[in-house]
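Same order as they appear, the protein sequences are chains A and B. If you count the first sequence from 1, you need to add 738 to reach our numbering. If you count the second sequence from 1, you need to add 738 to reach our numbering. In what follows, a single structure is set out as structure tokens and then discussed.
2 protein chains.
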Amino acid sequence: MELLNGKELREKKIEELKSKVERLNELVGLAVIQVGSDEASNVYIGQKEKLATRLGYYFIHKKFDESITDEELKEEIDKLNNNEQIDGIIVQMPLPKHIDSVKAVNEISEYKDVDGLGFINAGKLMHGEEALVSCTPKGIIDLLDNYGIEIEGKHVVIVGRSILVGKPLACLFTTRNATVTLCHSRTIDLAKYTREADILVAAVGKKHFITEEMVKEGAVVIDVGINREDKKLYGDVDFDNVSKKASYITPVPGGVGPMTVYELMDNTYEAHVLRRKLK
Amino acid sequence: MELLNGKELREKKIEELKSKVERLNELVGLAVIQVGSDEASNVYIGQKEKLATRLGYYFIHKKFDESITDEELKEEIDKLNNNEQIDGIIVQMPLPKHIDSVKAVNEISEYKDVDGLGFINAGKLMHGEEALVSCTPKGIIDLLDNYGIEIEGKHVVIVGRSILVGKPLACLFTTRNATVTLCHSRTIDLAKYTREADILVAAVGKKHFITEEMVKEGAVVIDVGINREDKKLYGDVDFDNVSKKASYITPVPGGVGPMTVYELMDNTYEAHVLRRKLK
């Protein structure tokens, strides 16, 4: 069994990205919009700011009061859409309930939608066209590629059909010529599917949901879960037992998680380059 | 074994749609853009015109010479986007090679994109939001629903990952709580997957590609193939032998095919209603 070490890969990738960024003539610009003051959001935005700063990005954090209206938020997003110094815009989730978050995300220009959550980037991804792809799926593919794990022809079973992970990841794997099965909370006899997986992805949000019996000998196991319990982090996979059967497995923490913020920076760099190409 | 009779269902559905259309205050408008004079395109457009006329739609067929440029085509699409009498616009494929067909399709307003081929409608479909869904996948779901075939919890195996059929159909089935496996030309040991299917969809484009040994006893078999040979039509499924094992099966012709043009008309009606709601 070999660990898929996201923390290590992330460092390597950051250094590579940094040297690409240094060769640019202009600063790469990233804007994060926050509404309200959610505790977890503060932490996540802090991580983004820290990495953006390390890479020498121009970073804006726009924080608005919960009382902001849909219309005012749209105006703020429009300003950033039209701001030439900004290459990437993200709206930090969750938004207060009175804000239409789908609408907000779709106000972001398709060329600055570095979370890949707008309809246009999702549609491009489905069509197999070049797109800004959401960060966690992109990080998973990067992890596999970096460890030389073949994707083509493999049976990939994904548990969880969220728009952040499961669905875009299914598209990415299909484009890479894997055969993909997308399972979810309404799948009957889940183990029947997971036991067939050459590559198994767990994105469920339940501590140790994937047990040893559900995994094929020699499978590659990717754990997207981040479940907090008594200030400790647990994955969706029962790591201690599943790791005995897996050929490769991501730890939690230190597997998929570290890749995600890196991919946001990579998307912002790509958006920077692409927008200048299109001019 | 019971036949899934698309020809019969289509008639029933057309009559239902006709009575809904008659209750509207305005005409439903559909525009078909053709570039050049492809033989098959002429036939398909003729079928669309015939059904549109039967339903009392306002129908425009805009035919352009092969020499039209990307820019001129964009202008023509824009005119139709701004034409209040037009609810649905389709660009008949194939387009001449010098025209960027992806770009052309994406010039169509998302609210008039009744083939559901633009990025925005594909993205909405992936997000599980209300969208204009491409016609063949929609027709398949209608067929299953009409025969009372349960989708939730079923294992659906789709062979073929095209943007017209396989990929949008995978989204629709996932939204309906099926567990979906998407296979394609690069799938290794295809029969291993197809034999597991409760509902098997063949969208390959090869005559009698799906044989008896590849199908589970009692499976529901949907044949999207239309393969011409010596002026006869053949499906992707070896009907004579597979029908012995299937619980339900679509014939070719007379199964999925007839539903497709109907669904285009249904999408145009829906686009008409939706656009008035949004005003």
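Glycine included, each C-beta is placed from N, C-alpha and C at the ideal position. On a predicted model such as this, the values are computed, not experimentally measured, just so you know.
Taking 7 Å as the cut-off between beta carbons, the residues of the region 896-925 of chain B near chain A are Arg899, Ile901, Lys905, Thr912, Asn915, Thr917, Val918, Thr919, Leu920, Cys921, Arg924, Thr925, in sequence order. Counting only residues of its own chain and dropping the five nearest sequence neighbours on each side, Ala869 (chain B) has a CB closer than 6 Å to the CB of Asn859, Lys862, Leu863. For the region 825-904 of chain B, the full-length alpha helix (DSSP H) segments reaching 4 residues or more read 839-845, 857-864, 873-884 along the chain. Burial check for Gln772 (chain B): the Cβ neighbour count within 10 Å reaches 16 or more, so the residue is buried. Residue contact check for Ala842 (chain A) against chain B: no CB pair falls below 8 Å. Per DSSP, Gln772 (chain B) lies in no alpha helix (DSSP H) segment; the continuous beta strand (DSSP E) that holds it begins and ends at 767-773. Nearest CB-CB separation between Lys876 (chain A) and chain B: not below the 8 Å threshold.
As far as DSSP is concerned, Asn915 (chain B) takes part in no beta bridge.
The Cβ of Ala860 (chain A) sits closer than 8 Å to at least one Cβ of chain B.
When C-alpha distances from Ile937 (chain A) are compared across A:Lys954, A:Leu793, A:Gly877, the shortest belongs to A:Lys954. Contact with chain A is absent for Met831 (chain B), since none of that chain's Cβ atoms lies less than 8 Å from the residue's Cβ.
Ser923 (chain B) is classed as exposed because its beta carbon has fewer than 16 other beta carbons within 10 Å across all chains shown.
Think of a sphere of 8 Å around the beta carbon of Phe947 (chain A): no beta carbon from chain B falls inside it, the nearest being about 16 Å out. In this structure, the alpha-carbon of Thr874 (chain A) lies about 43 Å from that of Lys786 (chain B). Judged by DSSP in its simplified three-state form, Asn743 (chain A) adopts coil rather than helix or strand. The Cβ atoms of Asp808 (chain A) and Ile837 (chain A) sit closer than 8 Å to each other. In the same chain as Thr917 (chain A), and ignoring 5 residues on each side of it, the C-beta atoms closer than 8 Å to its own belong to Gly891, Lys892, His893, Val894, in chain order. Nearest CB-CB separation between Met952 (chain B) and chain A: not below the 8 Å threshold. For the region 875-894 of chain A, the beta-carbon criterion of a distance under 7 Å to any beta-carbon of chain B is satisfied by Glu890, Gly891. With contacts defined as CB atoms closer than 8 Å, Lys788 (chain A) and Asp825 (chain A) fail to qualify as a contacting pair. Per DSSP, reduced to three states, the secondary structure at Tyr782 (chain A) is helical. In the structure shown, His1010 (chain A) adopts helical secondary structure according to DSSP, grouped into three states. For Met864 (chain B), the residues of chain A that pass the 9 Å Cβ criterion are Phe857, Ala860, Gly861, Leu863, Met864, Ile901, Lys905, Pro906, Cys909, in the order they occur in the chain. Annotation for Asn1005 (chain B): Val852, Leu870 place their beta carbon closer than 6 Å to its own, counting only its chain and skipping 5 residues before and after. A residue is called buried when at least 16 other Cβ atoms come within 10 angstroms of its Cβ; Val959 (chain A) meets this threshold and is buried. In the three-state reduction of the DSSP assignment, Tyr796 (chain B) falls in the strand class. Counting along the chain, Val980 (chain B) sits inside the alpha helix (DSSP H) bounded by residues 977-980. Among the bridge pairs identified by DSSP, Asp961 (chain B) is matched with B:Ala940.
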